[in-house]
Amino acid sequence: MTNLDNYKVTDLRQIPVHKITSTIYTLISDNKYNDVIDLLAPESTTYSNSRALYSLLAFCYYQTEDFNSAAGCYETLINYYPDYEEYKLYFAQCLYKIGDYEGTRRIVSSIVQEDLLTDSLKLLAAAHFEADDISSCKKTMEKLPTGDIDSLINNACIAQKLNKGGDYENAIRQYLDIIKIYDNEHHTDLLYNLALCYYEIRQYDLALKYITVIIEITVKNHPEYLIGVHIDTNNQEDLRYIENSESLHESRIIEACNLKASIEFKLKKFKAAKDSLNDFPPRLDMDIDPITLHNQAIINCDENPESSFDKLHFLLYQDPSPLTTFANLLLLYIKYQYENLAADVLSENSHLESLIPQHIREYIDARILQVVSPQDAAKKLDTLVSQSSEILRKILQKLQNMSQDAPAEEQAKVLYSYDDQLARFVPYLMAFAYISWQNGKYQTVEKIFKTSVEYCNGMDSWKANVGHTLYMQEKYADAIGFYEPIFMAHKDNILEITPIILANLCVSYIMTSLNERAEEIMKIIEKEEEKITSQSPDKRIYHLCIVNLVIGTLYCTKGNFEFGITRIIKAMEPYNRKLGTETWMYAKRCIMSLLLTLSKQMMIIKESTWHEIIDFLEAAELYGKNIVTVVDPLMQNETWDEEKEETRFISQESRIIKKMYLEIMALVVANKSIGCMCLFIDINVGFISIITQSKGNLMECT
């Protein structure tokens, strides 16, 4: 027999005629379905009516989850062999897999062969179920034998679907009964459905329990899937990718890991969510399913927004695609302040508007309107805030009036409805406040936040934004009251706190003569950064750098440029690790402000400070060759275009700034007037505002 381990046949004619059958079936038994497809597909044009060839091809296509190709093969078999009704059943299964439920129902209804009727009815019921025709599904199931495990599972699935938006307890009870009666605890479909039901009623601990069981079963039965082994996909020398197959689908491991990531994301355990998505078997990009691709885009957006936008755009034009793709793409555009792009995508895909929930659509419309008419957007958002606030107030009243003896399920439903409404209220509130924020009306923003204390005082994002608002008004003692609880709650994982919160807290401490507390925070950050650096030397962490940059900015704001600039430059060391788009923005603003002050002959600085600045700019030129100066998620990987006039990289900006400093130094040495130098400087410096106004860091609206 041909040795298939070390030798891959690429052409059927390479195989001796008497070994073709054994070779094909050996490949199939070894699950090498793609190899069989490579051998047989070229022969389909020559043997267009070969039953053996097309049935084998269809089987292999089905096993690799290429259901469209499998359906084509079965359709050919039906045309040539209409008396073999099993091909109709297989064809209908393929149509079901690709979401053509109407086609499935049409084909299944034409099957009359008696020994296929039970399977046909089950498939017909499943098609009715997926098409949300529950009434027809029930009628079809009444024709099936009762009492077997399939009928019990189907009844539980119907209960699960019927109770959507209500309670899932009935479905859970049925699934648990099936497991108990049939001792079928290793049935991954059942376990996944159980986990999904618990997820829907927000009993995440129980959902994770059954997800863990699925993972354990898969690790035991399929060690080749490398579940939980985080592989460096950049080193592909020995990496073996797992192909899509029916066995991979039946394991439910992909669905389980996605559900686990979703739970952790909802619980704001973002690192754990990313780890869950890395637990998958290694797969080629072309084999990644739409749900996984969607979740990767959402969970990894902060690290690589450009890639996330690309993934969601790709999914938007796939059929089928996750139902939330359209809404999430629009929300991400708005999150990164690309309202115009959101408007374009919305108008280009008006046929998908029905997929966007009403409350999300209202929010998106208001944010897009804000670009062209802030006043109209403010009115719309004010109305949404008021309406949502009234609903929250009624739910709270219902909770207060509810008897302590009320069933736990009833209390849970009310709490869930409150959480859902709060999740709608907060984006409305933040977007409404953001309009006043952009106009510098911080007192108005403060008043808006005061109206939401009753609902939002336990939310970190709300505390952070109130803290920002007070900080901008130089109410440092009050700002501490909102920043400090965030720090205390996440003190053990301090690097998970947004750097600007820590920076503003330290400045607030300094401005209220609590320098020791600021130093304590910086020591904790330094210790955590050293720990991360020892584990991942190439990983860039900017927390301590940004804290020192903001403190340095504070001193510059107060006129103590020499101390402030020195602190800023030291904060950027080592340059190969600390120089980045955002940190350069902070440093550049202060250096340019000093340049503006010097050009107006409003102060003089020591010679050592001159040289310190020049040395820093030369270092920025050296290490900033490939670092862009614009914080723009859609331009992360954009290369420099010499035909464009705007500066793109730090090295280019640093050369321009250094040239201006050297010219001023020359004029100072020559003791000449340097007032004319302001013509070269076009910058509007707002020292306090730049602390929190870097794109995406403030007023968390989505």
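Each number in my numbering corresponds to the 1-based position in the sequence shown with 103 added.
All C-beta atoms in this analysis are idealised placements derived from N, C-alpha and C, irrespective of residue type, glycine included.
This structure is a prediction, so every number in the text was calculated from the model and none was measured.
Item	Value
Starting from Phe752, follow its DSSP beta bridges and name the residues at the other end.	Val731
Could you tell me which whole alpha helix (DSSP H) segments of length 4 or greater appear in the segment 151-235?	154-166, 170-183, 189-200, 204-211 and 220-233
Taking 7 Å as the threshold (C-beta atoms), are Leu426 and Leu396 in contact?	no
Is the distance from the Cβ of Tyr183 to the Cβ of Asn152 below 7 Å?	yes
Got a sec: does the ligand FAD put a non-hydrogen atom nearer than 6 Å to the Cβ of Ile654?	The ligand FAD is absent from the structure shown, which contains no ligand whatsoever.
What are the complete alpha helix (DSSP H) segments, minimum 4 residues, inside the segment 349-427?	349-354, 356-369, 373-380, 393-402 and 408-419
Between which residues of its own chain and Asn452 is the CB-CB distance below 8 Å, once the five residues before and five after are set aside?	Leu419 and Phe429
Anyone know if the C-beta pair for Gln277 and Ala262 falls short of 7 Å?	yes
Give the C-beta separation of Arg470 and Ile498 to the nearest angstrom, bearing in mind that I take them to be a contact with Cβ-Cβ under 8 Å.	The pair is not a contact, with the Cβ atoms about 26 Å apart (cut-off 8 Å).
How is Asn816 classed by DSSP in three states: helix, strand or coil?	This structure leaves residue 816 out entirely; the chain is present only between 104 and 805.
Is DSSP giving Leu247 helix, strand or coil here?	coil
Among Glu685, Tyr689 and Lys630, whose alpha-carbon lies nearest the alpha-carbon of Ile654?	Tyr689
Are the beta-carbon atoms of Pro602 and His646 separated by less than 7 Å?	yes
Have a look at Glu353 and Phe412 and give me their C-alpha separation to the nearest angstrom.	31 Å
Taking Cβ to Cβ, would you say Glu632 is nearer than 7 Å to Ile644?	yes
For Ile318 versus Cys300, is the C-beta distance shorter than 7 Å?	no
Find the nearest neighbour of Ser172 within the set Glu188, Ser147 and Ile463, judged by alpha-carbon distance.	Ser147
Since Thr712 is in the alpha helix (DSSP H), which residue starts that stretch and which ends it?	Glu710 to Tyr726
Name the two residues that bound the continuous alpha helix (DSSP H) containing Pro588.	Tyr579 to Ala592
How far does the alpha helix (DSSP H) with Glu665 in it reach, from first residue to last?	Phe664 to Ala674
For the 8 Å Cβ check, are there 3 or more pairs between the segment 470-486 and the segment 531-542?	yes
Do Ala230 and Arg208 count as a contact pair if the criterion is CB distance below 7 Å?	yes
Evaluate Met533 with the Cβ neighbour count: other Cβ atoms within 10 Å of its Cβ, from every protein chain shown; 16 or more gives buried, anything less gives exposed.	buried
By a C-beta neighbour count over all protein chains shown, 10 Å radius and 16 as the cutoff for buried, is Phe752 buried or exposed?	buried
Span of the alpha helix (DSSP H) holding Pro602?	Pro602 to Met614
Exposed or buried, what is Ser639 when buried is set at 16 or more other beta-carbons lying within 10 Å of its beta-carbon?	exposed
Which residues mark the beginning and the end of the alpha helix (DSSP H) in which Lys691 is found?	Thr684 to Ser702
I'd like to know whether the C-beta of Ile237 is nearer than 7 Å to at least one C-beta of chain B.	Within the model displayed, chain B is absent; a lone protein chain is all it includes.
Is it true that the CB of Leu698 sits closer than 7 Å to the CB of Met763?	yes
If you count every other CB in all the chains shown that lies within 10 Å of the CB of His290, and 16 or more means buried, which is it?	buried
With DSSP collapsed to three states, give me the class of Asp308.	helix
Short check: CB of Leu309 to CB of Ile281, under 7 Å?	no
Given this structure, state the Cα-to-Cα distance separating Ser616 from Cys609, to the nearest angstrom.	11 Å
Nearest to Asp641 by CA position, among Arg620, Glu629, Lys681 and Val650, is which residue?	Lys681
Span of the alpha helix (DSSP H) holding Val650?	His646 to Thr660
Rounding to the nearest angstrom, what Cα-Cα distance links Ala155 and Asn361 in this structure?	38 Å
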